[in-house]
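This note's numbering applies: residue 353 is where the sequence shown begins, and numbers increase by one. Encoded as structure tokens, the structure appears first; notes follow it.
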Amino acid sequence: MEAIVSGFVSGNPASQIAEETGLNLKTVHLYYGRIRELIAADRERYLRRSYGSSEISPNLFVATGISEKRRNAVLIGCLIHQESEMELLLTNETADGEHARLDPSSVAGWIIAADRKALDELQLDRINCLPGNSAREKARVFWKNTKNRLSSYCGGFKNHFRLYLREMEFKNNIKNMEAARQQITELLVQSPSKTTGEEDA
């Protein structure tokens, strides 16, 4: 398991880890998928504790006036400058859902699709992060790194878009690889033995 966790944190493809360890490729895929699920669930729990919800209302995007410049824009989420970290809050499009208690001034960037078609077809050149006034450079770096990795992501990316963004949030916030390995290992140890069929990055 240690080799799989290290490979995931380093961004190594499952095929490379399978070859290096002699494990079945499907087994590595299953672990990668499970790690992504655990990271996403852990981040969402943390965000709910911090903001009251892990998701924001699209109305916040409309209220800022940015949407007027991007009339067909579809909000995916926003980046929040929280102390030294850049946190990702994704959209809650349901009318009756819980929304994050958020100070708009903490928004460092908006992640949007140019239109619904761009989001549905995952046209990466039409999905952008619009930086705000605070933490501008960090917001830009976050989305640049995310888009670079999106281009090589495989295994049903379209069906796991939000899960993938949580992974990028985790990797952006925890740059110390040893700390990241330790946290993932703890999540795996604490979780029931369950795996998914999601492919690797």
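Beta carbons are placed, not taken as given, at the ideal position from N, Cα and C, and that holds for glycine. Small disclaimer: the values here were computed from a predicted structure and weren't measured.
7 Å Cβ cutoff met for residue i and residue j
i	j	result
A460	A491	yes
R395	R518	yes
S361	M520	Sequence check: residue 361 is Val here, not Ser. Contact: no.
V357	R533	yes
L502	R388	no
L476	K510	no
Residue from the options whose Cα sits closest to the Cα of residue i
i	options	result
L454	Q475, N376, L471 and G429	G429
L539	I391, L474 and L471	I391
D472	E437, N500 and H512	H512
E435	S458, R423, R422 and N500	S458
L431	S367, F494 and G359	F494
G374	G385, Y384 and A355	A355
K469	N424, I536, M353 and H433	N424
Y384	M353, S405 and G404	M353
Residue i burial status per 10 Å Cβ neighbour count (16 or more: buried)
i	result
Q542	exposed
Y398	exposed
T443	buried
I369	buried
R380	For the record, residue 380 in the displayed sequence is Val; it is not Arg. When all chains shown are included, V380 counts as buried.
T498	buried
M438	buried
E371	exposed
R488	exposed
N524	buried
S409	buried
N480	buried
R386	buried
G359	buried
Anticipated Cβ contact below 8 Å, residue i with residue j, distance rounded
i	j	result
E407	G363	No, E407 and G363 are not in contact; Cβ-Cβ is about 27 Å, not under 8 Å.
A452	L440	About 11 Å separates the two Cβ atoms, so there is no contact after all.
A366	L377	6 Å
I464	R422	6 Å
Fully enclosed by the stretch 422-496, which alpha helix (DSSP H) runs are 4 residues long or longer?
-> Fully enclosed alpha helix (DSSP H) runs of no fewer than 4 residues occupy 468-472 of the stretch 422-496, in order along the chain.
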